[in-house]
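Engineer: Sharing a structure here in structure tokens format.
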Amino acid sequence: MTALVATGFQDGTTSAGSHARTETVRFSPFPLVWLISTLHKILFSNCLDALRGTPWGSLARYWEQSYLTGPGATARRFKWVYGGSPDGHDTSSQELRPVDNVKFDLWRKRMQGGEEIWVALRDSLRGNASEAVWAAGLNTLRLVDYHDNQIVIGAPNQIQLLRVQQRYLPFITEQAQLLVGPDVQVSLTVTDSTNDAGALATSDEEPEVTPSAAAFAPSVDRPARLDPRMTFDSFVPGSSNRLAFAAAQSVAETPGRAYNPLMIYGNSGLGKTHLLHAIGNYVQENYPGRKVLYVSTETFLNDFIRAIQTRTQLALHERYRENDVLLIDDIQFMETRGETFHEEIFHTYNALHGEGKQIVLTSDRSPRDLAGLQERFRSRLLQGLVTEIDQPDLETRIAILRSKSEREGIDLPNDVAEWIAHRVRDNIRELEGSITMLRAFANLRQEPISLELAKAHLTNLGQEQVILKPETILSVVADFYGLSVEDVRGSKRLRPLVHARHIAMYLIRDLLNNYSYPMIARIFDGRNHTTVISGVEKIKEQITVNPEVLAQVNQLKRRLQGESRE
Numbered sequence: 005m006t007a008l009v010a011t012g013f014q015d016g017t018t019s020a021g022s023h024a025r026t027e028t029v030r031f032s033p034f035p036l037v038w039l040i041s042t043l044h045k046i047l048f049s050n051c052l053d054a055l056r057g058t059p060w061g062s063l064a065r066y067w068e069q070s071y072l073t074g075p076g077a078t079a080r081r082f083k084w085v086y087g088g089s090p091d092g093h094d095t096s097s098q099e100l101r102p103v104d105n106v107k108f109d110l111w112r113k114r115m116q117g118g119e120e121i122w123v124a125l126r127d128s129l130r131g132n133a134s135e136a137v138w139a140a141g142l143n144t145l146r147l148v149d150y151h152d153n154q155i156v157i158g159a160p161n162q163i164q165l166l167r168v169q170q171r172y173l174p175f176i177t178e179q180a181q182l183l184v185g186p187d188v189q190v191s192l193t194v195t196d197s198t199n200d201a202g203a204l205a206t207s208d209e210e211p212e213v214t215p216s217a218a219a220f221a222p223s224v225d226r227p228a229r230l231d232p233r234m235t236f237d238s239f240v241p242g243s244s245n246r247l248a249f250a251a252a253q254s255v256a257e258t259p260g261r262a263y264n265p266l267m268i269y270g271n272s273g274l275g276k277t278h279l280l281h282a283i284g285n286y287v288q289e290n291y292p293g294r295k296v297l298y299v300s301t302e303t304f305l306n307d308f309i310r311a312i313q314t315r316t317q318l319a320l321h322e323r324y325r326e327n328d329v330l331l332i333d334d335i336q337f338m339e340t341r342g343e344t345f346h347e348e349i350f351h352t353y354n355a356l357h358g359e360g361k362q363i364v365l366t367s368d369r370s371p372r373d374l375a376g377l378q379e380r381f382r383s384r385l386l387q388g389l390v391t392e393i394d395q396p397d398l399e400t401r402i403a404i405l406r407s408k409s410e411r412e413g414i415d416l417p418n419d420v421a422e423w424i425a426h427r428v429r430d431n432i433r434e435l436e437g438s439i440t441m442l443r444a445f446a447n448l449r450q451e452p453i454s455l456e457l458a459k460a461h462l463t464n465l466g467q468e469q470v471i472l473k474p475e476t477i478l479s480v481v482a483d484f485y486g487l488s489v490e491d492v493r494g495s496k497r498l499r500p501l502v503h504a505r506h507i508a509m510y511l512i513r514d515l516l517n518n519y520s521y522p523m524i525a526r527i528f529d530g531r532n533h534t535t536v537i538s539g540v541e542k543i544k545e546q547i548t549v550n551p552e553v554l555a556q557v558n559q560l561k562r563r564l565q566g567e568s569r570e
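All the letters of the sequence shown, read from the start, carry residue numbers 5 to 570 under this note's numbering.
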């Protein structure tokens, strides 16, 4: 056929090998064009018949309607151009000649519209991929742009984009090249799923939604849910939290290298959550390319349950395991959960730790005391750094109050800060909340914050710190028995004096834990410490058999507690 076409388009010149008597015969090209077109149509129709019933069927129907049988097929099939050049740019001849779209592969140029290419590509992907692959992410893709042999496809989120890029991009590119040509390139981007105005529609039909294809909807902590106010600058370090503070800073500066995992434990309200947020905020500010996720254990559990219900465990895995820094708060709530949830957290830990990703966890107890954890998970937590945040001392509590008042722009007198710090000893949240309450009362009464205002309106605020000294105990015991302090401390051996002396020794030993027997002996005129031991043991025995002595001891303890609050 190629030789026939070449002969038909010759201008009549005799070739070198022609017979001497051969005449040149001019042959019109139009019958040949018609013959070639007819043969192509037959061949094309046979190809379309073969495609029917296969995943390429929709593309076959599109071609048939557009080029063979549909309205205007003839007009589309032949393109009238000057000089017979397919692009029509050959203007050397002013003669219009018909050029077959099929012969010159111009049918591809009909598919230059983004919608047409995407419909065909989407049908091809669906036909050649399994249902699992289709539901795992291909069904969520959208066409964003097409120009200069570049197809830009949008995924609804970063997780889907990474999954498609790692697993399915070569497959998509292969199918696109079969449809459009070998030079076409495919790239991916993230689109805004809430606004599809910039994306081209794919079909007039609503997509089928199956449980396996349902999008994973995480809980409210997404994506990081970090409190910008909780930073290292706003954290007040002290003797009770200095190690935890330094470890958190080191983790934030070099994620995955310094201490991995880092476990911070302590009672509620002492600053564990603050340090978690401070780590996340520091990493996001200084390493913008790294992904940070902060969640509570309760949120993790809710996401886990939702993933099971919607059969989107794969999306759950990628949400938690594709982070560079994972911060999990209050893991003590894992203890009462089912074994399946423990398995999920264990494998999430292994996946992140194996890739050198940073993990930081908090709890109200040490991992050794979390009996409900799997032993293998507990051992992995103990292989990192486990540090405790303890109850802040008086100086730290005062510093926390002053830091809070300065950030809030509140004028807090020193005597008010000391009074509050003496009453709230074991909860920083309550400590800072007292500032907010004082500001509200001061604004309501239109007066400055003062000690009188604090005492009048913060009556339910904690309890004043009990500060006992040996002198206080001696004075209370002497007053209780109608004796002088010198008589109680002295060496007289009268029975009432000896009994009061032994009671005082017992109370000092019982209420002041940092006082040893020799230290107590020095208080009582330098007696031998064995005398103190004997006196304390005698009172311990009497309170178990003598109700009157027990009542005296309890009454003295209550009086001492009252004295310490006056």
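Just so you know, even glycine gets a beta-carbon here, dropped at the ideal spot from N, CA and C.
Keep in mind it's a predicted model, so treat the numbers as computed, not measured.
Is the beta carbon of residue 536 less than 9 Å from the beta carbon of residue 509?
Structural biologist: For residue 536 and residue 509, yes; Cβs fall inside 9 Å.
Engineer: If the criterion is Cβ atoms closer than 9 Å, does the pair residue 276 and residue 400 meet it?
Structural biologist: For residue 276 and residue 400, no; Cβs fall outside 9 Å.
Engineer: Taking the C-alpha atoms as reference points, what is the distance between residue 410 and residue 150?
Structural biologist: Roughly 56 Å separates the two Cα atoms.
Engineer: Determine whether the beta carbon atoms of residue 376 and residue 340 lie at a separation below 9 Å.
Structural biologist: In this structure, residue 340 lies closer than 9 Å to residue 376 by Cβ.
Engineer: How many Å lie between residue 368 and residue 460 at the Cα?
Structural biologist: Their backbone Cα atoms lie some 34 Å apart in a straight line.
Engineer: Mind checking whether residue 332 and residue 363 have CB atoms under 9 Å apart?
Structural biologist: Contact: yes.
Engineer: Helix, strand or coil, according to DSSP, for residue 307 in the structure here?
Structural biologist: Residue 307: helix per DSSP, three-state reduction.
Engineer: Can we count residue 492 as close to the ligand SAM, meaning its CB is less than 8 Å from some heavy atom?
Structural biologist: The ligand SAM is not among the ligands present in this structure, which contains no ligands whatsoever.
Engineer: Assuming residue 158 is part of the beta strand (DSSP E), what are its boundary residues?
Structural biologist: Counting along the chain, the beta strand (DSSP E) containing residue 158 begins and ends at 154 to 159.
Engineer: In the DSSP assignment, the alpha helix (DSSP H) including residue 523 goes from what residue to what residue?
Structural biologist: 521 to 527 is the extent of the alpha helix (DSSP H) around residue 523.
Engineer: Rounded to whole angstroms, how far is the Cβ of residue 512 from the Cβ of residue 524, which I believe are closer than 8 Å?
Structural biologist: Residue 512 to residue 524, Cβ: 5 Å. Contact.
Engineer: From the DSSP output, in three-state form, read off residue 341 for me.
Structural biologist: Three-state DSSP puts residue 341 in coil, outside helix and strand.
Engineer: Do three or more CB pairs link the segment 421 to 436 to the segment 394 to 408 at distances below 8 Å?
Structural biologist: Touching, per the Cβ criterion.
Engineer: Could you name the residues that DSSP lists as bridge partners for residue 392?
Structural biologist: Paired residue(s): 269.
Engineer: Taking DSSP as the reference, what is the three-state secondary structure of residue 402?
Structural biologist: Helix.
Engineer: Express the C-alpha separation of residue 407 and residue 240 in angstroms, rounding to a whole number.
Structural biologist: One C-alpha to the other measures close to 8 Å.
Engineer: With DSSP run on the structure shown, which of helix, strand or coil describes residue 505?
Structural biologist: In the structure shown, residue 505 sits in a helix (DSSP, three-state: H, G or I).
Engineer: For residue 416 versus residue 393, is the C-beta spacing smaller than 9 Å?
Structural biologist: Contact flag unset, no.
Engineer: Just reading off the beta strand (DSSP E) that residue 170 is part of, what are its end residues?
Structural biologist: First-last for residue 170: 162 to 171, but that is the alpha helix (DSSP H), not the beta strand (DSSP E).
Engineer: Measure the alpha-carbon distance for residue 281 versus residue 143 and round it to whole angstroms.
Structural biologist: About 36 Å.
Engineer: Please classify residue 448 as buried or exposed, where buried requires at least 16 neighbouring CB atoms within 10 angstroms.
Structural biologist: That one is exposed.
Engineer: Which residues in the same chain as residue 301 place their Cβ atom closer than 7 Å to its Cβ, once the five residues preceding and following it in sequence are excluded?
Structural biologist: Excluding residues within five positions, the ones whose Cβ falls inside 7 Å are 332, 333, 334, 335, 337, 338.
Engineer: Note down the Cα distance separating residue 191 from residue 154, rounded to an integer number of angstroms.
Structural biologist: Rounded to the nearest angstrom, the two C-alpha atoms are 7 Å apart.
Engineer: Where do the ends of the alpha helix (DSSP H) carrying residue 377 lie?
Structural biologist: Element bounds for residue 377: n/a, residue is neither H nor E.
Engineer: Considering only the beta carbon of each residue, do residue 345 and residue 385 sit closer than 9 Å?
Structural biologist: Going by C-beta atoms, residue 345 is not nearer than 9 Å to residue 385.
Engineer: Could you check what DSSP says for residue 333 in three-state terms: helix, strand or coil?
Structural biologist: Note: residue 333 maps to strand in three-state DSSP.
Engineer: What did DSSP end up calling residue 4 once you bin it into helix, strand or coil?
Structural biologist: Residue 4 is absent from the model: the chain starts at 5 and stops at 570.
Engineer: What do you get for residue 549, buried or exposed, if any count of 16 or more other CB atoms within 10 angstroms of its CB means buried?
Structural biologist: Its Cβ having fewer than 16 others within 10 Å, residue 549 is exposed.
Engineer: Who are the Cβ neighbours of residue 286 in its own chain at under 6 Å, not counting the five residues just before and after it?
Structural biologist: Cβ within range, chain order: 256.
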